[in-house]
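S.K.:
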Amino acid sequence: MKLLKKCLVGFALLVVAAALLLWFLPARWMLPWIEPQLRGMQLQQVSGSIWNGRAGAVVSVDKKSLGQLHWQLSRRSLFGHAQMQWQFSGPDLSFSAALARLSADQTDVRNLSLSATSAALGQQLTTPWGQPRGELQLSIPHALLWAGWPMQMDAQATWHHAVMHTAHGDVALGDVHATAQARGGMISAQLHDGGDGPLQIGGELQLSPLGWRLDVTLRPRQTDPMLRRWLATLAAPAADGNTHIQHHGGLASSAPTPTH
Numbered sequence: 196m197k198l199l200k201k202c203l204v205g206f207a208l209l210v211v212a213a214a215l216l217l218w219f220l221p222a223r224w225m226l227p228w229i230e231p232q233l234r235g236m237q238l239q240q241v242s243g244s245i246w247n248g249r250a251g252a253v254v255s256v257d258k259k260s261l262g263q264l265h266w267q268l269s270r271r272s273l274f275g276h277a278q279m280q281w282q283f284s285g286p287d288l289s290f291s292a293a294l295a296r297l298s299a300d301q302t303d304v305r306n307l308s309l310s311a312t313s314a315a316l317g318q319q320l321t322t323p324w325g326q327p328r329g330e331l332q333l334s335i336p337h338a339l340l341w342a343g344w345p346m347q348m349d350a351q352a353t354w355h356h357a358v359m360h361t362a363h364g365d366v367a368l369g370d371v372h373a374t375a376q377a378r379g380g381m382i383s384a385q386l387h388d389g390g391d392g393p394l395q396i397g398g399e400l401q402l403s404p405l406g407w408r409l410d411v412t413l414r415p416r417q418t419d420p421m422l423r424r425w426l427a428t429l430a431a432p433a434a435d436g437n438t439h440i441q442h443h444g445g446l447a448s449s450a451p452t453p454t455h
């Protein structure tokens, strides 16, 4: 009987010690499990705990320091209520957001803010019409994701000092703005310019898991020959000088455009 009692006490002490270790687990102890998921990037100068930690340097595959990362993970995650906050700060990319895992497929996103220059993504931004350059700012006060896709969302985005870099030179577009909403998995984004830039922009982009549709009208405000030549590569200009672009793709691309 005494032996059983000692075993139970020892087991209880072991459980308490394991709980305390997990409660104050140093962040650096988790690196062997985290870094294989980072696709070659490394976390350096790691401090704090797994619940409230910091990486003084996030290093890319080519050994370039991208910035600093700070995170907060709720201890309620131990009981299945995953809540976390991320804040990344670097010269070309800044990002912050609060995420709560509601279920295996459902994630609630709050106060997402992103600021990125074209240097942050490098050559990955290359398109058939040139390489976009400038600075992107994105704000999402709230989004509800299902398997990563926005089912409910409100967002605003601005492409500051937009430029398309082509083989013949840089084409300045001005500032491009987008206001987007997602309802029931259908994303609708209204596109427009800043009002005084070289290019007048008006139109809409619709996205769903089954397809997409772009309907936008472009009109140069200036007699910039490079801008006009670039617009001609998108579509033939109409008699009134407007360039009307309509593209669609995906399984649902032939569906009629909803009326408002």
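Be aware that the sequence shown starts at 196, since it is given in the working numbering, and climbs by one per residue.
We put the beta carbon where it would ideally sit given N, CA and C, even for glycine.
If you drop the 5 nearest sequence neighbours on each side, which residues of the same chain put their C-beta closer than 8 Å to that of residue 436?
M.R.: Closer than 8 Å at the Cβ level, and outside the excluded window around residue 436, lie 414 and 415.
S.K.: Taking 8 Å as the cut-off, decide whether the C-beta atoms of residue 329 and residue 354 are in contact.
M.R.: For residue 329 and residue 354, yes; Cβs fall inside 8 Å.
S.K.: Using the C-alpha atoms, what's the distance from residue 336 back to residue 223?
M.R.: C-alpha separation (whole angstroms): 32 Å.
S.K.: Quick one: what's got a C-beta closer than 6 Å to residue 372's C-beta in the same chain, skipping five residues either side?
M.R.: Closer than 6 Å at the Cβ level, and outside the excluded window around residue 372, lie 353 and 387.
S.K.: My output table needs one value for residue 396: the three-state DSSP class, helix, strand or coil.
M.R.: Residue 396: strand per DSSP, three-state reduction.
S.K.: For residue 312, which residues from the same chain have a beta carbon less than 7 Å from its beta carbon, with the 5 sequence-adjacent residues on both sides left out?
M.R.: If we look at residue 312 and ignore the five residues flanking it on each side, its Cβ neighbours are 287 and 330.
S.K.: Rounded to whole angstroms, how far is the Cβ of residue 301 from the Cβ of residue 340, which I believe are closer than 8 Å?
M.R.: That pair is a contact at about 7 Å.
S.K.: Anyone know if the C-beta pair for residue 250 and residue 239 falls short of 8 Å?
M.R.: Yes; because the gap between Cβ atoms is below 8 Å, this pair is in contact.
S.K.: Return helix, strand or coil for residue 417, following the three-state DSSP convention.
M.R.: Correct three-state label for residue 417: coil.
S.K.: What residue from 441, 408, 379 and 360 has the CA that sits closest to residue 474's CA?
M.R.: No answer is possible for residue 474: the residues shown for the chain start at 196 and end at 455.
S.K.: Find out if the Cβ-Cβ distance for the pair residue 401, residue 408 is shorter than 8 Å.
M.R.: Yes. Within cutoff.
S.K.: In terms of alpha-carbon separation, which member of 390, 356, 231 and 350 lies closest to residue 377?
M.R.: Ranking 390, 356, 231 and 350 by Cα distance to residue 377 puts 350 first.
S.K.: Count the other CB atoms within 10 Å of the CB of residue 256; is the residue buried (16 or more) or exposed (fewer)?
M.R.: Exposed: under 16 other Cβ atoms inside 10 Å.
S.K.: Look at the Cβ atom of residue 159, then the Cβ atom of residue 370, and state whether they are nearer than 8 Å.
M.R.: Since the first residue of the chain shown is 196 and the last is 455, residue 159 is not available in this structure.
S.K.: How long is the line joining the alpha carbons of residue 307 and residue 284, rounded to whole angstroms?
M.R.: Using only the alpha carbons, I get a separation of about 14 Å.
S.K.: Distance check for residue 241 and residue 333, CA to CA, integer angstroms please.
M.R.: Their Cα atoms are separated by approximately 28 Å.
S.K.: With respect to the alpha helix (DSSP H) encompassing residue 309, which residues constitute its N-terminal and C-terminal limits?
M.R.: Unbroken run through residue 309 is the beta strand (DSSP E), 301-312; no alpha helix (DSSP H).
S.K.: Excluding the 5 residues preceding and the 5 following residue 143 in the sequence, name in chain order all residues of the same chain whose CB lies nearer than 8 Å to its CB.
M.R.: Residue 143 lies beyond the residue range present for the chain, which begins at 196 and ends at 455; the question has no answer from this structure.
S.K.: Where do the N-terminal and C-terminal ends of the alpha helix (DSSP H) with residue 228 fall, by residue?
M.R.: That run of the alpha helix (DSSP H) goes 226-229.
S.K.: Name the one or two DSSP bridge partners that residue 284 has.
M.R.: BP columns for residue 284 point to 263 and 289.
S.K.: Report the rounded CA-to-CA distance for residue 291 versus residue 433, giving the unit in angstroms.
M.R.: So the two alpha carbons sit approximately 43 Å from each other.
S.K.: Since residue 406 contacts residue 443 with CB under 8 Å, what's their CB separation in whole angstroms?
M.R.: Right, their Cβ atoms sit about 7 Å apart.
S.K.: If I measure Cβ to Cβ from residue 419 and keep anything under 7 Å in the same chain, skipping five residues before and after, which residues do I get?
M.R.: Closer than 7 Å at the Cβ level, and outside the excluded window around residue 419, lie 393.
S.K.: Under a Cβ-count criterion, where at least 16 other Cβ atoms within 10 Å of its own Cβ denotes burial, should residue 403 be classed as buried or exposed?
M.R.: The residue is buried, with at least 16 neighbouring Cβ atoms inside 10 Å.
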